[in-house]
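Quick note, in my numbering, the sequence shown goes up one by one and the last residue is 192.
The beta-carbon is built from N, C-alpha and C at its ideal position, and this holds for glycine as well.
The structure displayed is predicted, hence computed values, not measured ones.
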Amino acid sequence: MNYRYILIASLLLTSSLGMAQQAPKQPVTDSWSNVPPARDDRYTNPKSPLYSGPNGWYNFGEVRAQVNNDAKTPYAYKGGFQVIQGLLTSFTSDRLYVLQLDFGVDNPPPGTYQLASKGNAAQKQVRVSFGDVSGQKIKEWTGEKGTVDVSQVNKFLHVKCRNLLLQPTGPNNTDAFKAPMALGFEGAVVPE
Numbered sequence: 001m002n003y004r005y006i007l008i009a010s011l012l013l014t015s016s017l018g019m020a021q022q023a024p025k026q027p028v029t030d031s032w033s034n035v036p037p038a039r040d041d042r043y044t045n046p047k048s049p050l051y052s053g054p055n056g057w058y059n060f061g062e063v064r065a066q067v068n069n070d071a072k073t074p075y076a077y078k079g080g081f082q083v084i085q086g087l088l089t090s091f092t093s094d095r096l097y098v099l100q101l102d103f104g105v106d107n108p109p110p111g112t113y114q115l116a117s118k119g120n121a122a123q124k125q126v127r128v129s130f131g132d133v134s135g136q137k138i139k140e141w142t143g144e145k146g147t148v149d150v151s152q153v154n155k156f157l158h159v160k161c162r163n164l165l166l167q168p169t170g171p172n173n174t175d176a177f178k179a180p181m182a183l184g185f186e187g188a189v190v191p192e
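Here it is as structure tokens:
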């Protein structure tokens, strides 16, 4: 009978130790390819003529930016991505944050573009600016260093950039907003 109690006690001890030593959870990796699946196949089927890009953007994009100030002010949103007056433009629904990419043409050819003060598709140059008009004040940053990749998937332009360096240029870039910004973007748009 003593063996029975010893066996039960050892089983309980082993199972409780096994539960206490569970493997730690893996950290969630940050992904730009996080577009939820659609009801139709336009986001997920690369053979579909409606397919937008490698991760499902469809006249939609995501901005992730951070001002290099003491507060590390973040700007992050998913919003519309359209060609507006010749500029590829990403914006929030209330249009308080606006990212503009000026290639000098509505439909830039695929390639890697260097940041410049003026867009010129023939010379592979793009002007990038980010504006914040919240609080009835214009704060703007303009690209200084980095590259923007443009690829074409079916009828969509897939635009992607990471860690662009933008400098403050707006009239209300004062105090905490008079600091550079690091900006990343990914999205796809049907050029007009």
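| query | result |
| --- | --- |
| Own chain partners of MET19 with C-beta closer than 6 angstroms, once the 5 adjacent residues on each side are dropped | Here the model assigns MET19 a pLDDT of 43, short of 50, so the residue's position is not dependable and the matter cannot be decided. |
| Which of helix, strand or coil DSSP assigns to GLY202 | An answer regarding residue 202 cannot be provided, because it is not within the stretch 1 to 192 covered by the chain. |
| Secondary structure of ASP206, DSSP reduced to three states | The structure shown does not extend to residue 206, since the chain is modelled only from 1 through 192, so no value can be given for it. |
| GLN82 (DSSP reduced to helix, strand or coil) | strand |
| Simplified DSSP assignment, three categories, for ALA122 | helix |
| Burial state of ASN173 (16 or more Cβ within 10 Å) | buried |
| With 16 other Cβ atoms within 10 Å as the buried cut-off, status of VAL159 | buried |
| Three-state secondary structure assigned by DSSP to SER93 | coil |
| Sheet register partners of GLU192 (DSSP bridge) | Paired residue(s): none; GLU192 is not in a bridge. |
| Nearest residue (CA-CA) to THR112, options VAL189, PHE185, ASP102 and GLN125 | GLN125 |
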